[in-house]
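Participant: The structure's right below; bear with me while I get my questions together.
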Amino acid sequence: MRVAVIGAGVMGLSTALCIHEQFHGLLPALHVEIYADRYTPHTTSDGAAGLWQPYLSDHGDLQETVWNKETFDYLLGHLGSPAATEMGLFLISGYNLFTQPVPDPSWKNIVLGFRNLTPKELELFPGYSYGWFNTAMVLEGRRYLPWLSNRLTQRGVKFFHKKVESFQEVSGNVELEQSRHSPVLAWRRNMQQLFAQGVDVVINCTGVRAGELQPDPELQPGRGQVIKVLAPWVKHFIITHDIESGIYNSPYIIPGSELTVLGGIYQHGNWNEENSAQDHKTIWESCCRLLPALQVIHNYGHGGFGITIHWGCAMAAARLLGSILQEQRLAQPRL
Numbered sequence: 136m137r138v139a140v141i142g143a144g145v146m147g148l149s150t151a152l153c154i155h156e157q158f159h160g161l162l163p164a165l166h167v168e169i170y171a172d173r174y175t176p177h178t179t180s181d182g183a184a185g186l187w188q189p190y191l192s193d194h195g196d197l198q199e200t201v202w203n204k205e206t207f208d209y210l211l212g213h214l215g216s217p218a219a220t221e222m223g224l225f226l227i228s229g230y231n232l233f234t235q236p237v238p239d240p241s242w243k244n245i246v247l248g249f250r251n252l253t254p255k256e257l258e259l260f261p262g263y264s265y266g267w268f269n270t271a272m273v274l275e276g277r278r279y280l281p282w283l284s285n286r287l288t289q290r291g292v293k294f295f296h297k298k299v300e301s302f303q304e305v306s307g308n309v310e311l312e313q314s315r316h317s318p319v320l321a322w323r324r325n326m327q328q329l330f331a332q333g334v335d336v337v338i339n340c341t342g343v344r345a346g347e348l349q350p351d352p353e354l355q356p357g358r359g360q361v362i363k364v365l366a367p368w369v370k371h372f373i374i375t376h377d378i379e380s381g382i383y384n385s386p387y388i389i390p391g392s393e394l395t396v397l398g399g400i401y402q403h404g405n406w407n408e409e410n411s412a413q414d415h416k417t418i419w420e421s422c423c424r425l426l427p428a429l430q431v432i433h434n435y436g437h438g439g440f441g442i443t444i445h446w447g448c449a450m451a452a453a454r455l456l457g458s459i460l461q462e463q464r465l466a467q468p469r470l
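Residue numbering for the sequence shown follows this note's numbering, beginning at 136 and increasing consecutively.
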């Protein structure tokens, strides 16, 4: 059997590995192939902070909760293994913060030690009146994707570096049928050609680009942006929630094995993949208000004339500190 997986992010690579692990003993002639134009470290998965945490609400989708739990249990099973470090997998505890009481999430019994925050804990986060604390896991994509790729290579899975414009491309040099009048009809005919060329199953793991392979007008990107900083003193994740602005549109801080990820941008329908200076400013300022310990004033690099310039630089550092203190005062709630 010939199986073609399109996409090499966390979904594509994990799907290929899961299929090969489960069926290679039952199907000695199983051949798994992966096609993608972006491989690690150039995928969306590589840039993710990697915290295991579903959305606040699954809208009653019990199947989604099952998949989330299966993933958590799978990762928990690897936590004590020698492979955990190579995978970029480790335990982490932290806070979810709100400005008002909210229902408990569907995943409260999946994570470890879920509980409500005490009034004393909430004093650490001015402006937030409700929250949770729990232990979960971080799975860093920049390490996990190479680990998956190595496992697949050891199993003989083949990788092809190409952008698949249509499903039939993975089966041979078949001319793509274009149809402006009936794209759905053209897609169905292209699929028939694909299977006629020997591919038994195609698994589409192309993420937000899936709409380029089959009609899916409801599929839209959710653009995010993050900043990665060296802050080894940050030990807990802190995720804030603004119910009115929606997911990811308020600051979050997630420590990694080496760098800490700062975020808080979600722009529905924005296809831009370039960094935005305004978004960078928004993330940095909001995360510094959330956790002032992130703010470091750099006063070095004076070469051999420290005596000559020292007081002017000291005054500049003091002015920067004054700006930080002013921002903190502005961020304090007023009665």
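For each residue, glycine too, the CB sits at the ideal point set by N, CA and C.
G147: buried (16+ other C-beta within 10 angstroms of its C-beta) or exposed?
Facilitator: So G147 counts as buried.
Participant: Going by C-alpha distance, which of W282, A345, E393 and H371 is nearest Q355?
Facilitator: When only C-alpha atoms are compared, the closest one is A345.
Participant: Using DSSP with H/G/I as helix, E/B as strand and the rest coil, what is P390?
Facilitator: Strand.
Participant: Hey, Y383 and I400 are a contact pair by Cβ (cut 8 Å); roughly how many whole angstroms apart?
Facilitator: 7 Å between Cβ atoms; contact.
Participant: Kindly indicate which three-state DSSP category F440 falls into: helix, strand or coil?
Facilitator: If DSSP states are grouped into helix, strand and coil, F440 belongs with coil.
Participant: Let's test the definition: count the other Cβ atoms within 10 Å of the Cβ of M475 and tell me whether it reaches 16, buried, or not, exposed.
Facilitator: The structure shown does not extend to residue 475, since the chain is modelled only from 136 to 470, so the question has no answer here.
Participant: List the residues that DSSP assigns as beta-bridge partners of V140.
Facilitator: Looking at the DSSP assignment, V140 forms a beta bridge with I169 and I338.
Participant: What would DSSP say about A345, mapped onto helix, strand or coil?
Facilitator: DSSP places A345 in helix when its eight states are reduced to three.
Participant: Could you tell me how far apart the beta carbons of L232 and I373 are, in whole angstroms, since I believe they sit closer than 8 Å?
Facilitator: Right, the Cβ-Cβ distance comes to about 7 Å (below 8 Å), so this counts as a contact.
Participant: Whole angstroms are fine: how far does the CA of G447 sit from the CA of T178?
Facilitator: So the alpha carbons of these two residues sit roughly 45 Å apart.
Participant: Can you tell me whether E310 is helix, strand or coil according to DSSP?
Facilitator: Note that E310 has pLDDT 35, beneath the 50 cutoff, so the model's placement of it is unreliable and the number below is only indicative. Three-state DSSP puts E310 in coil, outside helix and strand.
Participant: Just to confirm my understanding: we take T220, look at its own chain, exclude 5 residues before and 5 after, and list those with CB closer than 7 Å. What are they?
Facilitator: Around T220: no qualifying Cβ.
Participant: Give the single residue among P261, A171 and I141 whose Cα lies nearest to the Cα of H296.
Facilitator: It is A171.
Participant: Could you tell me the distance, in whole angstroms, from the CA atom of L257 to the CA atom of R424?
Facilitator: Roughly 15 Å separates the two Cα atoms.
Participant: Whole angstroms are fine: how far does the CA of Q235 sit from the CA of S380?
Facilitator: Near 14 Å, if we compare the C-alpha coordinates of Q235 and S380.
Participant: Determine the extent of the alpha helix (DSSP H) in which V273 is found, giving its start and end residues.
Facilitator: Counting along the chain, V273 falls outside any alpha helix (DSSP H), though it belongs to the beta strand (DSSP E) covering Y265 to L274.
Participant: Does the region 274-289 come close enough to the region 192-202 that 3 or more CB-CB pairs lie under 8 Å?
Facilitator: Touching, no, given that fewer than three Cβ pairs across the two stretches are closer than 8 Å.
Participant: Measuring straight from C-alpha to C-alpha, what distance separates Y174 and L211?
Facilitator: Rounded to the nearest angstrom, the two C-alpha atoms are 26 Å apart.
Participant: By alpha-carbon positions, which one of V167, R286, E275 and W242 ends up nearest to N269?
Facilitator: Nearest C-alpha to N269: W242.
Participant: Measuring only the C-alpha atoms, how far is G458 from G359?
Facilitator: First, the residue type needs correcting, since residue 458 is Ser and not Gly in the sequence shown. Roughly 28 Å separates the two Cα atoms.
Participant: Below 8 Å between beta carbons: does that hold for Y230 and G185?
Facilitator: Not in contact: Y230 and G185 (Cβ atoms no closer than 8 Å).
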